[in-house]
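Peer 1:
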Amino acid sequence: MRKVLLSTLIIIVAVLAFGKLSLGANSLVVASYVIDPSATPFVGIAESIDARVTLGMFHGGLMTPFMLFAFSADAGSNLVAFPPGLIWYAYAGGHLPFGRMYALADLGVLISFGGVAPNFVVLRVGGGMKLGMHGFVEFTTLAALQDIGNTIGRLFTLEFGYTF
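FYI, the numbering for the sequence shown is 49 to 212, going by this note's numbering.
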């Protein structure tokens, strides 16, 4: 138990000393053709809070949604707000800088009160740009590894954030 506690403490101190903490607002956009091409036109947007730790070229973080917006040609629009923390998206990956721009890729899983969602691993690939000293914007596409052919390029995220 002491070794686990000591290892955790060393990791926390290393991240605080050498890493960067960032916080962002993330929007996941889903369109109806992802679910069923013959369905009524539908757009869904999930707003999330993203907390990330960056250490060199590697990053890891937790994201939790707090609001869902849906628009359908049949039913109109609907906005649902709920307390953050009911569902979590945990991810780890890396990024490759090109001056103010950078490419990023990571793998993540969904976590809820029932535990980790089985057989649902998400690959996120995209790019970002630094905005001034601390701000950033990222645009990525998501793919569920279990159905990569039907999900790649059909789920998108847009994130605006601040690095402390």
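Note that CB positions come from ideal geometry on N, CA and C, so glycine has one too.
Mind listing, in chain order, the continuous beta strand (DSSP E) runs of no fewer than 3 residues lying wholly within the stretch 69-156?
Peer 2: 90-103, 106-120, 124-129 and 135-146, all fully within the stretch 69-156.
Peer 1: From SER70 to GLY209, what distance separates their C-alpha atoms?
Peer 2: Approximately 7 angstroms between the Cα atoms of the pair.
Peer 1: Going straight from the alpha carbon of ALA99 to that of LEU110, what length do you get?
Peer 2: Roughly 5 angstroms between the two C-alpha positions.
Peer 1: Taking C-beta to C-beta, are ARG186 and ALA73 nearer than 8 angstroms?
Peer 2: According to the sequence as given, residue 186 is Glu; it is not Arg. Against a cut-off of 8 angstroms, the Cβ pair of ALA73 and GLU186 comes out as no contact.
Peer 1: Hey, would you say the C-beta of HIS143 is under 7 angstroms away from at least one heavy atom of the ligand MG?
Peer 2: Absence of the ligand MG is noted for the structure shown, with no ligands found whatsoever.
Peer 1: Can you tell me which of the three DSSP states PHE212 falls into?
Peer 2: Correct three-state label for PHE212: coil.
Peer 1: Which value, in whole angstroms, describes the spacing of the CA atoms of ALA138 and ASP122?
Peer 2: When rounded, the distance between both Cα atoms is 34 angstroms.
Peer 1: Give the DSSP bridge partners of PHE168, in chain order.
Peer 2: Paired residues: none, contrary to the question.
Peer 1: Run through the DSSP bridge pairs and tell me what PHE184 is partnered with.
Peer 2: The partner list for PHE184 (beta bridge, DSSP) reads LYS178 and GLY209.
Peer 1: Check whether the Cβ atoms of LEU158 and GLY174 sit closer than 8 angstroms, and answer yes or no.
Peer 2: Contact: no.
Peer 1: Between which residues of its own chain and LEU116 is the CB-CB distance below 6 angstroms, once the five residues before and five after are set aside?
Peer 2: For LEU116, where only same-chain residues beyond five positions count, the Cβ hits under 6 angstroms are ALA94 and VAL128.
Peer 1: Starting from LEU203, follow its DSSP beta bridges and name the residues at the other end.
Peer 2: Looking at the DSSP assignment, LEU203 forms a beta bridge with VAL78 and LEU190.
Peer 1: Residues bridged to VAL173 by DSSP?
Peer 2: Per DSSP, ALA153 and THR189.
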